[in-house]
Structures are given as structure tokens and as C-alpha cells.
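To keep things clear, I will list the structure first and then write my remarks on it.
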Amino acid sequence: MSRFGARVTLPWITSFRAASTTTRSSSDTSKVSKPRASSHFHLKCFRIEQDRCAMKVTTDTILLGAWARMSDTSSNKERWGLDIGTGTGTISLMLLQRDSCLRMHAVELDGPSAEQAQENAANSPWGDRMEVMSCSIQEWAARTTTNRRYDFIVTNPPYYPCHNASSPARRRAARTTQSLMQEELLYAVDSLLADDGSFCAILPASEAAKFQSLASKHSLHIHRLCYVRPLPHRPAKRILLHYGRNPTSVCGPTTNVACELRD
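The sequence shown begins at 6 in my numbering and counts up one residue at a time.
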């Protein structure tokens with residue numbers, strides 16, 4: 006496990022630009038403040054419109070988009086990825102920016118969000134390699150199981166078991182497990198992931214143990230971990246997880262990142 010005494014490298018810091026977000030680095034850690042919700046969001050190479058999206062770009066979005074990667078990208082063959090609950094489409098676009106051989110399918114249950122995610126893709130340099138489907142992952146898995154397996158699956162899933170009933174219904178659906186339970190998510194991943202594929206997710210630290218237990222029942226084995234802490238000496242609030250089909254006796258690189266997070 007890496008120590009906070011060593012410098013933490015976040016490769017997306019140099020390629021990330023948002024007027025409403027500040028980033029600070031020091032010799033012992035990196036701290037990133039949460040992007041504030043607005044009608045649009047700028048990264049260095051593309052712009053995200055989000056005024057019609059149920060969930061805006063968050064720190065979780067940027068962390069997962071920067072950290073997630075396939076186990077092997079050395080070959081030049083075409084690879085297929087799946088983004089479950091794409092929201093604004095940001096994570097898919099970050100992945101496409103890094104991998105010229107990748108093509109993405111992005112699934113989004115909320116209709117207006119799916120429409121705007123497709124517009125964001127079309128307005129980016131990689132729109133010809135991304136397609137957004139407005140449906141649930143349960144429906145998509147039922148439609149595609151027999152004829153497609155993905156090399157890479159990524160998700161920033163809904164994880165709150167309950168939420169303030171006074172919040173807007175679309176936002177509540179995007180944030181809570183009422184539309185997608187962990188068991189349903191992992192069943193879909195199991196049915197859609199290729200034998201040599203990778204699966205990456207971000208979860209609250211409080212939900213990670215349960216998620217890992219369920220993942221093991223679907224023969225998904227942890228390969229990498231990243232603990233996201235509000236301060237170096239504080240407990241982790243988020244955990245980034247990278248799974249593969251093949252069991253490994255030694256978990257790969259485990260990283261600690263200090264990052265300001267507000268739920």
C-alpha cells in the first residue's frame with residue numbers, strides 16, 4: 006500500500022480544467038475540491054453540458070474517469086466498453102480520449118440525461134465512437150447477452166439505500182438503489198463482461214465490503230484498489246475498485262488519495 010508520505014500522482018489534474026474547481030498539490034498529497042454544479046463543465050479537450058441531466062458532474066465522476074483503465078491496452082485491436090449509468094457521458098469521453106481503439110456503449114435510464122449525454126458525445130472529438138442507449142442496464146443486458154461481451158465495463162452506480170423524499174424524483178432515482186440494486190448491477194456485469202475483461206466502479210467505503218462479497222459470487226476478483234480520503238489521516242470515504250475474471254493471489258497497486266468530498 007502506498008503511503009501518504011510519497012507524492013500522489015493524479016494524471017487527470019494536468020488535463021482537467023473547470024473554472025469552478027480548484028486543485029492543489031503538495032509534496033505529500035494532492036487535494037481536489039468538489040466541482041460545483043452548473044449548466045456546463047469544462048475539461049481540457051471537451052465541454053460537458055448538464056442542464057438537463059439528473060446528476061451533474063461530481064468529484065466521483067472525475068476520479069473514476071481518470072483512474073479506470075483496462076488491464077491490457079497494448080494491442081491495436083478494437084475494444085468495446087460499456088458505461089452503466091453514464092449520466093452526462095463524462096466518464097465515457099475521458100476513456101475515449103485516452104484510448105483510440107476503444108468504442109463505448111453508454112446506458113442511461115433517465116431519458117433527458119441520455120439525450121444530453123449523446124449530444125455531449127456528438128460535440129466531442131470522439132462522438133463517432135460512442136453511442137448512448139436510453140434504457141435500464143437490466144433491459145440492455147437482456148437484449149445483448151447472446152451476441153456481445155465487453156472488454157471493459159465502468160460504472161458510477163447509485164448507492165444510497167434511501168434519500169430525502171423532498172429531492173427531485175429524477176435526482177433521487179439517479180442517486181438511490183431504487184432503480185438498480187447492487188445484485189442487479191453485478192448480475193448484468195457478469196453476463197456482459199468478457200472472460201479477459203475488466204470492471205471498474207466507485208463506491209462509498211461503507212458499501213464496498215458488501216459489494217466485494219457479492220462480486221466474488223459472480224467470479225469477479227479484485228485487481229486494484231484506491232482509497233479516497235478527505236484528509237491523509239482520516240478514514241476513506243470512497244473506494245475505487247478494479248475487477249477481473251482471473252483470480253490473483255496478490256492485489257495490484259493500492260493507492261491513497263486525499264480528496265475533498267461532500268455527499
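Glycine residues also receive a C-beta, built at the ideal position from the N, C-alpha and C atoms.
Within the same chain, 250 come within 7 Å of residue 200 by CB-CB distance, once the 5 residues on both sides are set aside.
For residue 84, the closest of 74, 217, 91 and 95 by C-alpha to C-alpha distance is 74.
For residue 144, there are no CB contacts under 8 Å within the same chain when 5 residues up- and downstream are skipped. Assignment of residue 113 by DSSP, reduced to helix, strand and coil, places it in the coil class. In this structure, the straight-line span from the alpha carbon of residue 120 to that of residue 197 is close to 24 Å. In its chain, beyond the 5 residues on either side, 142 and 143 have a beta carbon closer than 8 Å to the beta carbon of residue 189.
According to DSSP, residue 85 shares a beta bridge with 108. In the DSSP annotation of this structure, the continuous segment of the beta strand (DSSP E) that includes residue 202 starts and ends at 198-209.
Cβ neighbours of residue 252 within its own chain (closer than 6 Å, five residues either side excluded): 226.
Residue 123 places its beta carbon 7 Å or farther from that of residue 93. According to DSSP, residue 231 shares a beta bridge with 245 and 260. Looking from the CA of residue 212, the closest CA among 152, 48, 163 and 110 belongs to 163.
Residue 65 is not a Cβ neighbour of residue 128, given a cutoff of 7 Å. If you ignore the 5 residues before and after residue 155, its C-beta comes within less than 8 Å of the C-beta of 85, 86, 87, 110, 197, 198, 199 and 202, all in its own chain and listed in chain order.
Pairing residue 204 with residue 158 gives a Cβ-Cβ distance under 7 Å. In the three-state DSSP reduction, residue 134 falls in the helix class (H, G or I). Residue burial annotation: residue 68 is buried, with at least 16 other C-beta atoms found within 10 angstroms of its C-beta. The beta carbon of residue 220 sits closer than 7 Å to those of 191 and 248, all from its chain and outside the five residues before and after it, given in chain order. Secondary structure at residue 95: helix, using DSSP grouped into helix, strand and coil.
Residue 159 has 88 and 205 as its beta-bridge partners, per DSSP.
Burial of residue 126 is indicated by the presence of at least 16 other C-beta atoms within 10 angstroms of its C-beta. Listed as beta-bridge partners of residue 53 by DSSP are 46. 89 is the residue among 107, 89, 108 and 232 whose C-alpha sits nearest the C-alpha of residue 146. Counting the other Cβ atoms within 10 Å of the Cβ of residue 228 gives 16 or more, which makes it buried. Residue environment analysis places residue 218 among the exposed positions, since fewer than 16 neighbouring C-beta atoms fall within 10 angstroms of its C-beta.
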